[in-house]
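A.B. asks:
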Amino acid sequence: MGTHTEAMPSTTFAQTAVLSQRQRATLNALSAFPQGAQVSEIAASLGLHVNTVRGHLEELVTKNLVRTAPLPSTGRGRPVLMYHATSATPETVAQEYLSLISLLIQHIDLRQPDEIDEVAKVLGKQWAHSIFADHHLEELNGEQTLITLINYLRHLGFDPEVEKTQDPTTSMLQLRTCPFGSMAHAPLSFVCRAHEGMLSAVEKTGGISFELTPLSAPHQCSIVAQLHGNETIHRQRGEEHPHAGHR
């Protein structure tokens with residue numbers, strides 16, 4: 002049986018970023034058992050049915066985020082499996098980066114908060130140029146740019162959900178997960194300002210504008226996307242567009 006302690010980080014953030022909320026919750030629960038756990042233990046910690054959790058674990062196995070090992074057989078029948086997490090959770094890795102960012106901010110020779118916010122926005126703009134260098138956003142229309150952004154936010158672990166609005170030129174993105182925050186702490190304002198800078202750089206490619214509202218709900222942010230010209234938003238769920246591949 003596994004011993005329930007705090008999870009230890011292991012590999013990369015990118016592998017675990019593209020997960021559903023239930024898959025992430027299952028991986029988080031399993032990561033709390035460094036020696037591995039049986040499906041019944043994980044189900045008990047989540048308060049879910051064993052078969053439900055087993056299904057999520059099988060999905061994580063196919064993503065190479067979880068491995069299995071059979072326990073010594075005590076008789077006939079199917080061997081009992083022990084599950085082991087093979088990767089750190091997105092939140093674990095992000096918190097390590099946040100610790101580094103906090104130290105960097107403390108050493109920035111700026112005295113006014115407004116100056117720090119401006120630096121964050123400038124860095125965010127430069128970040129956007131690096132992120133989307135291969136996407137050629139200037140060749141995309143507003144809707145294609147939006148889909149590219151949605152796919153990247155999903156890849157980064159923000160779990161974006163696109164909500165319909167009465168205005169066909171407007172789309173509301175709810176970022177249901179923030180990998181740069183936690184249930185106990187809101188993300189650093191520096192991070193939010195950097196994301197504002199990133200969005201402002203993306204919208205300058207033309208065809209679309211964004212308005213970010215940090216912490217519009219507990220542990221969530223929202224983005225209003227407004228298409229320009231005669232465009233309307235046809236894809237309301239953020240499906241991938243042929244030109245909107247991941248980085």
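In the numbering used here, the protein residues as written are 2 to 248. We put the beta carbon where it would ideally sit given N, CA and C, even for glycine.
Looking only at its own chain, which residues have a Cβ that is under 6 angstroms from the Cβ of Ala-15, when we skip the five neighbours before and after it?
C.D. replies: Only weak support exists for where Ala-15 lies, its pLDDT of 48 falling under 50; the value from the coordinates is given anyway. Result list for Ala-15: empty, nothing under 6 angstroms.
A.B. asks: Using CA atoms only, rank isn't needed, just tell me which of Lys-205, Thr-166, Tyr-153 and Glu-116 is closest to Asn-250.
C.D. replies: Only positions 2 to 248 of the chain appear in this structure, which leaves residue 250 out of reach.
A.B. asks: Hey, is the region 196 to 211 in contact with the region 139 to 156, meaning 3+ C-beta pairs nearer than 8 angstroms?
C.D. replies: Judged by Cβ distances under 8 angstroms, the region 196 to 211 makes contact with the region 139 to 156, as three or more pairs qualify.
A.B. asks: Rounded to a whole number of angstroms, what is the C-alpha to C-alpha distance between Met-199 and Gln-127?
C.D. replies: Met-199 and Gln-127: Cα-Cα distance of roughly 7 angstroms.
A.B. asks: Could you check the C-alpha separation between Gly-37 and Ala-86 for me, to the nearest Å?
C.D. replies: Approximately 7 angstroms between the Cα atoms of the pair.
A.B. asks: Which residue's Cα is closest to the Cα of Gln-190: Tyr-153, Leu-138 and Asp-118?
C.D. replies: The sequence given here has Ser at residue 190, not Gln. Ranking the options by Cα distance to Ser-190, first place goes to Asp-118.
A.B. asks: Can you give me the C-alpha to C-alpha distance between Val-40 and Glu-164, rounded to a whole angstrom?
C.D. replies: Distance between the alpha carbons of Val-40 and Glu-164: 35 angstroms.
A.B. asks: Judging by CA-CA distance, which residue of Gln-175, Ile-151 and Val-120 is the nearest neighbour of Arg-194?
C.D. replies: Among Gln-175, Ile-151 and Val-120, the Cα nearest to that of Arg-194 belongs to Val-120.
A.B. asks: Kindly indicate the opening and closing residues of the beta strand (DSSP E) around Gln-175.
C.D. replies: Its beta strand (DSSP E) spans residues 171 to 176.
A.B. asks: If you reduce the DSSP assignment to three classes, tell me which class Val-81 lands in.
C.D. replies: If DSSP states are grouped into helix, strand and coil, Val-81 belongs with coil.
A.B. asks: Helix, strand or coil: which one does DSSP assign to Phe-211?
C.D. replies: Phe-211 falls in the strand class under three-state DSSP.
A.B. asks: Relative to the alpha-carbon of His-196, which residue among Thr-170, Gln-227, Thr-171 and Tyr-153 has its alpha-carbon at the smallest distance?
C.D. replies: Per the Cα distances, Tyr-153.
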